[in-house]
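Residue numbers (our numbering): 129 to 513. Heads up, the beta-carbon is just placed ideally off N, CA and C, and yes, glycines get one too. What you are looking at is a predicted structure, and each value in this text was computed from that prediction instead of being measured. Have a look at the structure below before the remarks.
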């Protein structure tokens, strides 16, 4: 955490340039490599830290205070280092023997990729959106639905690990927020992916069924993949709200009214809204961190959380992101016309929060309904959850 905290002022200073670059700046990448902050969930035998799952909440939230887009990329890269440990031993060595610092992007849109089984693996076609950090990455994890011989019936779901030489990047990322994530489209055509680089998601629902289980026996590598995926990126919302709060607190402690000269800090409405934002941020952090600890605790007990628990913890994360968004909107509501200037970082935090909260997994109407259905005894169906 000390290393993450030390990066915040630098990331904050570079945030505008990062937005203009529309990708993770190479200097930010180098800073984070030197701090070791991409590898906190990588297995120790490959030089990683293998920290408990709550570390992704703490570290990513801290970095997002400085630059939400950079923190989002860190969360993705760190999560993907963790995911490589779920592939078989040969694939882990293929990635990390060549470069233990290799960055890996992803797109988890299963509907975007189509595959068919062939001898030794799969032939894959597709164009995937929102592959954050792809410009800096050496690999990409692409979600693929495998269809049967009729071409219509889904029979399997795989996360295909593809080297950069095998996919095309389309520069589509012209976005109103989170611009520096570089979340561009990725495309492959008739690409053969060997079986060992096509992770079977149905075997990654928790426990030791996945191909990398024998190589990586610790609790961290017993967590369910899809159930935890939104928790990996959600912490950026907490840090974004924290960064916005810090701007408003510092500004309003000394601001006076433009027309009256009155001390803004003495307005009760300002005091109340600032307090409300603070409570929302604190609540969101606690809820998200407790969810990460709950997943970790299940793994340490050698238990796989049941479906209702997985859905409840996913609902927690979506709810927490909603709280963080409400905090930023509350702060924005009384920040004033100063926030309209593009030179004021407050408007970037506001835009970044609006952008990241649009991620489908943060839609509480969807995640909340899924948990509610399961809690009431309904038949929720997801073959990879």
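- Message: I'd like to know whether the C-beta atoms of residue 184 and residue 360 end up nearer to each other than 9 Å.
- Response: Yes, the Cβ-Cβ distance between residue 184 and residue 360 is below 9 Å.
- Message: Restricting to Cα atoms, I'd like to know which of 305, 438 and 274 is closest to residue 502.
- Response: Of 305, 438 and 274, the smallest CA-CA separation from residue 502 is found for 438.
- Query: The beta strand (DSSP E) with residue 269 in it runs from where to where?
  - Reply: 267 to 275
- Taking 9 Å as the cut-off, decide whether the C-beta atoms of residue 345 and residue 327 are in contact. no
- Item | Identity of the residue in 458, 400, 371 and 508 nearest residue 476 by Cα | 371
- Item | Spatial neighbours of residue 246 in its chain, beta-carbon cut-off 8 Å, leaving aside the 5 residues before and after | 320
- Message: Taking the alpha carbon of residue 261 as the reference point, which residue from 316, 150, 167 and 172 has its own alpha carbon closest?
- Response: Taking only the C-alpha atoms, the option nearest residue 261 is 150.
- Query: How is the alpha helix (DSSP H) around residue 515 delimited, first residue to last?
  - Reply: This structure does not reach residue 515, given that the chain is present from 129 up to 513, and the question cannot be answered.
- Query: How many angstroms separate the CA atom of residue 450 from the CA atom of residue 442?
  - Reply: Approximately 13 Å between the Cα atoms of the pair.
- Query: Apart from the five residues on each side of it in sequence, which residues of its chain come closer than 6 Å, Cβ to Cβ, to residue 175?
  - Reply: 228
- Query: What does a CB cutoff of less than 6 Å around residue 276 pick up in its chain, not counting 5 residues either side in sequence?
  - Reply: When the five nearest sequence neighbours on each side are left out, the beta carbons in the same chain lying within less than 6 Å of the beta carbon of residue 276 are those of 283, in order along the chain.
- Cβ atoms of residue 446 and residue 492: under 9 Å apart, would you say? yes
- Which first and last residues belong to the beta strand (DSSP E) in which residue 246 is found? 241 to 246
- Can you check DSSP and say which residues form a bridge with residue 445? Answer by DSSP bridge pairing: none, since residue 445 is not bridged.
- Can you tell me which of 374, 300 and 253 puts its alpha carbon nearest to the alpha carbon of residue 290? 253
- Please name the residue, chosen from 311, 244, 444 and 160, that lies closest to residue 279 on a Cα-to-Cα basis. 244
- Provide the residue span of the beta strand (DSSP E) that contains residue 485, from first to last. From DSSP, residue 485 is part of no beta strand (DSSP E); its letter is neither H nor E.
- Give the DSSP-derived three-state secondary structure of residue 428 in the structure shown. In the three-state reduction of the DSSP assignment, residue 428 falls in the helix class, which pools H, G and I.
- Consult DSSP for residue 255 and reduce its assignment to one of helix, strand or coil. strand
- Message: Measuring only the C-alpha atoms, how far is residue 274 from residue 334?
- Response: Note on geometry: alpha-carbon atoms of residue 274 and residue 334 lie some 21 Å from one another.
- Query: Are the beta-carbon atoms of residue 187 and residue 363 separated by less than 9 Å?
  - Reply: Taking 9 Å as the Cβ cut-off, residue 187 and residue 363 qualify as a contacting pair.
- Task: Determine the contact status of residue 132 and residue 165, defining contact as a CB-CB distance below 9 Å.
- Result: yes
- Query: Taking C-alpha atoms, which residue in 292, 305, 306 and 317 lies nearest to residue 250?
  - Reply: Out of 292, 305, 306 and 317, 317 has the C-alpha closest to the C-alpha of residue 250.
- Is it buried or exposed for residue 154, if we count other Cβ within 10 angstroms and need 16 for buried? Counting every other CB atom within 10 Å of its CB across the protein chains shown gives residue 154 a total below 16, marking it as exposed.
- Could you name the residues of the same chain whose beta carbon sits closer than 6 Å to that of residue 192, not counting the 5 residues immediately before and after it, in chain order? 199, 364, 367 and 368
- Query: From residue 454 to residue 208, what does the alpha carbon distance come to, in whole angstroms?
  - Reply: 29 Å
- Find out if the Cβ-Cβ distance for the pair residue 311, residue 268 is shorter than 9 Å. no
- Item | Limits of the unbroken alpha helix (DSSP H) element including residue 202 | 196 to 212
- Message: So, for residue 217: in the same chain, excluding its five sequence neighbours on each side, which residues have a beta-carbon less than 6 Å away from its beta-carbon?
- Response: 343
- Task: Would you mind working out which of 332, 457 and 351 sits nearest residue 422, comparing C-alpha positions?
- Result: Closest by alpha carbon: 351.
- Query: Excluding sequence positions up to five away, which residues of its chain have a Cβ less than 7 Å from the Cβ of residue 435?
  - Reply: 502, 508 and 513
- Does the distance from the CB of residue 231 to the CB of residue 205 come in under 9 Å? yes
- Task: Measure the Cβ-Cβ separation of residue 315 and residue 295 and say whether it is below 9 Å.
- Result: Contact: yes.
- Message: In the DSSP output, what is residue 315 paired with across the bridge?
- Response: 255 and 296
- Message: Can you check which of these residues, 505, 416 and 460, is closest to residue 473 by C-alpha distance?
- Response: 460
- Query: Can you find a C-beta in chain D that's less than 9 Å from the C-beta of residue 289?
  - Reply: In the structure shown, chain D does not exist; there is a single protein chain.
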